[in-house]
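Notes follow once the structure below has been shown.
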Amino acid sequence: MTGTTRVRQLTRQFAADRPPVLDRLDLDIAPGEFVALLGASGSGKTTLLRTLAGLDPAPAGTVEIPQPASVVFQQPLLLPWKSVWQNVALGQHGADSRPRAEAALREVGLAHRLDAWPGTLSGGEAQRAALARALVREPALLLLDEPFAALDALTRLRMHELIIDLWSRHRPATLLVTHDVDEAVALADRLLVLEHGRITLDLPNPQPRPRDRAHPGFAALRERLLNQLGVHQHAA
Amino acid sequence: MSHSLATAPALAPRVRRRSVPFTWAVPFRRVVSPLVLLLVWQAVSSAGLLSPRTLASPLQIVAAGWDLALSGDLALNVAVSLARVAAGLVIGVTIGGALAILAGLSRVGEDIIDAPMQMLRTLPFLALVPLFILWLGIGETPKIALVALGAAFPIYLNLFSGIRGVDPKLVEMGRTFGLDRAGLIRHVILPGALPAALTGLRFSLGVAWLSLVVAEQINAHSGIGYMINDARDFLRTDIIMVGLVLYALLGLAVDTIVRVFERRLLAWRPSLVRA
């Protein structure tokens, strides 16, 4: 089926004497699905995302990615020598690249910073520009590599709202890599836990949107994921 | 507050200087001590304590400069010197820049180019003057070649390290957004190396002037260096001083031009954006 992300038996091993980072991993992401991938550091989640983004080769196994796919990284990674709109239009050709970049920036609420230098943006603004850069190519697969980890708590909550708003309008298949369990439960429809290079938990998240973090179902999911990640909470 | 300004180090960010309200007191004080030195120099000369054969007085230097300007010698010699520096710089910066790009962008290029460049750069290039005379004679060629050789190294070293210093994450980002190798070089690597390249260019300019001074001692028939050598034969310290002042002013002028370029090309730098 076109538009589906299919990963089969993906294995990556950096050194022969060390366990593989990804171990015969299988993963399907349906079009329009919002998936969160949780894992402790070293679990291989970054390697998986890099493979899906085409940054790392997939020497063993098959990887089928719907095109175009775009990435939002942990850091904004804007080119400081290009204005904000030029950053969003990077790699885009055609006469309409500027109006399309401007439209994407308007969508993320940066209409007033079109011609600004990235060096003058706040952390949240820069990450929103990076989001606009990912959205402007209307991706079939949107890869989010801990994109909110470097933001302060309030900005992060606003970014959560923005990303859900954008996702429900454009409906790209989305893979959010994160180590923040709350974030995963608040955003995704499906929750995955990656351990030792394999997916060890694959849970649907039936919570209705908009999500209430105080809802008991929310807490239950959170508990389940934390347990799977090996974090045992004491009852309050 | 103004006291701390006057003693602020030269590298203090411009931003801070600008935020202080402007008063004439600071520039005035900075001008006072050079002026006093000039007055003392003039007084010592006028009193006959300093022979013009040793050092001409400031007024004599100004008069000599005026005479040279009126006769047209000044403009001619400055033009000849400028032309030598310009030709040498264009050749040297082009070669140094091209080698840096080749070495910076490919491992093979680095292996072939960088080792000999690093070896050559440890050689004081002015020591090559005798060889240059043997190879190229005593006309314009060895002079321009010397300027070119001197100017090639700073731009090479700075641009090479600038290219290698570009954040690999930015390159990776460019790749995921569909830039091919040419696109990466054009949009990511070269703009990222530009600040270092401009620093290299300024060093190249400095070395170019230095090379010119040495090169113009080689049997020159025109140029500021010729003017100085000629004046030496007639014990005209006033003309020698005019030549030295010209070297200083021209160096300063060229450096200012590069600074203006820097401000325009690097307008995106946060320190400049805020200023």
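First to last, the protein sequences are chains F and C.
Residues 23 to 258 in the working numbering are what the first sequence spells out, letter by letter.
Residues 2 to 276 in the working numbering are what the second sequence spells out, letter by letter.
For every residue, glycine included, the Cβ atom is placed at its ideal position computed from N, Cα and C.
Given the structure is predicted, the values throughout are model-derived calculations rather than measurements.
Residues bridged to T142 of chain F [DSSP beta-bridge criterion]: Answer is none; T142 of chain F lacks a bridge partner.
Any C-beta of chain C under 8 angstroms from that of M23 of chain F: Reliability of the predicted coordinates at M23 of chain F is poor, the pLDDT of 41 falling under 50, and the value obtained from them is presented with this limitation in mind. It does not; no Cβ of chain C falls within 8 angstroms.
Selection of the segment 174–188 of chain C by Cβ proximity to chain F, strictly under 8 angstroms: Answer set for the segment 174–188 of chain C: M174, G175, R176, T177, F178, G179, L180, G184 and H188.
Delimiting residues of the alpha helix (DSSP H) encompassing S105 of chain F: First-last for S105 of chain F: undefined, no H or E at that position.
Among F:S119, F:R180 and F:A125, nearest to Q149 of chain F - alpha-carbon criterion: Nearest C-alpha to Q149 of chain F: F:R180.
Cut-off 6 angstroms between Cβ atoms - residues of its own chain near T177 of chain F, not counting five sequence neighbours on either side: Counting only Cβ-Cβ distances below 6 angstroms, and skipping sequence neighbours, we find G146.
Residues of its chain near W210 of chain C, where Cβ-Cβ distance is below 6 angstroms and the 5 sequence neighbours each way are ignored: The beta carbon of W210 of chain C sits closer than 6 angstroms to those of G252, all from its chain and outside the five residues before and after it, given in chain order.
Burial state of F154 of chain C (16 or more Cβ within 10 Å): Per the 10 Å Cβ criterion, buried.
Alpha-carbon spacing of R108 of chain C relative to L195 of chain C, whole angstroms: For R108 of chain C and L195 of chain C, the distance between alpha carbons rounds to 20 angstroms.
Residues within the segment 127–143 of chain F neighbouring chain C, beta-carbon criterion of under 8 angstroms: Listed in sequence order: W139, P140, G141 and T142.
Neighbour-count burial assignment, W269 of chain C, 16 or more Cβ in a 10 Å radius: W269 of chain C comes out buried.
P161 of chain F at chain C interface by Cβ criterion, 8 angstroms: No, because no Cβ of chain C sits closer than 8 angstroms to the Cβ of P161 of chain F.
Cα-Cα separation, W103 of chain F to P194 of chain F: Roughly 30 angstroms separates the two Cα atoms.
Contact list for A154 of chain F against chain C, beta-carbon separation under 9 angstroms: Neighbours of A154 of chain F on chain C: none; closest Cβ ~12 angstroms, over 9 angstroms.
Q89 of chain F at chain C interface by Cβ criterion, 8 angstroms: For Q89 of chain F, no CB of chain C lies under 8 angstroms from its own CB, so it is not counted at the interface with that chain.
The segment 87–94 of chain F in contact with the segment 159–167 of chain F per 3-pair CB rule at 8 angstroms: Touching, yes.
Which of helix, strand or coil DSSP assigns to A276 of chain C: The predicted model places A276 of chain C with a pLDDT of 42, which falls under 50 and marks its position as unreliable, so this point remains unresolved.
Neighbour flag for G113 of chain F against chain C, beta carbons, 8 angstroms: Yes - at least one Cβ of chain C is within 8 angstroms of the one on G113 of chain F.
Under 7 angstroms by beta carbon: chain C residues contacting F56 of chain F: The contacting residues do not exist; F56 of chain F stays about 20 angstroms from chain C at best.
F56 of chain F - containing beta strand (DSSP E), residue span: Per DSSP, F56 of chain F belongs to the beta strand (DSSP E) from F56 to L60.
Beta-carbon proximity of T200 of chain F to A58 of chain F, cut-off 8 angstroms: Yes, Cβ-Cβ distance for T200 of chain F and A58 of chain F is below 8 angstroms.
Short CB-CB distance (under 8 angstroms) between A195 of chain F and chain C: Chain C contact via Cβ: absent.
Cutoff 8 angstroms: W269 of chain C Cβ touching any chain F Cβ: Yes, W269 of chain C lies at the interface with chain F (some Cβ there is under 8 angstroms from its Cβ).
The segment 220–232 of chain C / the segment 72–79 of chain C touching (three or more Cβ pairs under 8 angstroms): Using a C-beta cut-off of 8 angstroms, the segment 220–232 of chain C makes contact with the segment 72–79 of chain C, since at least three inter-stretch Cβ pairs fall below that distance.
Cβ-based neighbour list, R135 of chain F, same chain, cut-off 6 angstroms, excluding 5 preceding and 5 following: Once the five neighbours on either side are set aside, the close Cβ partners of R135 of chain F are V106.
Nearest-angstrom Cβ-Cβ length linking A57 of chain C and M242 of chain C, presumed shorter than 8 angstroms: Contact holds; Cβ gap of about 6 angstroms.
Contact set between K170 of chain C and chain F, taken where Cβ atoms lie within less than 9 angstroms: F95, Q97 and L99, listed in chain order.
A197 of chain C, enclosing alpha helix (DSSP H) - first and last residue: Per DSSP, the unbroken alpha helix (DSSP H) holding A197 of chain C starts and ends at L191 to A216.
Span of the beta strand (DSSP E) around Q31 of chain F: According to the DSSP assignment, Q31 of chain F belongs to the beta strand (DSSP E) that extends over T27 to R34.
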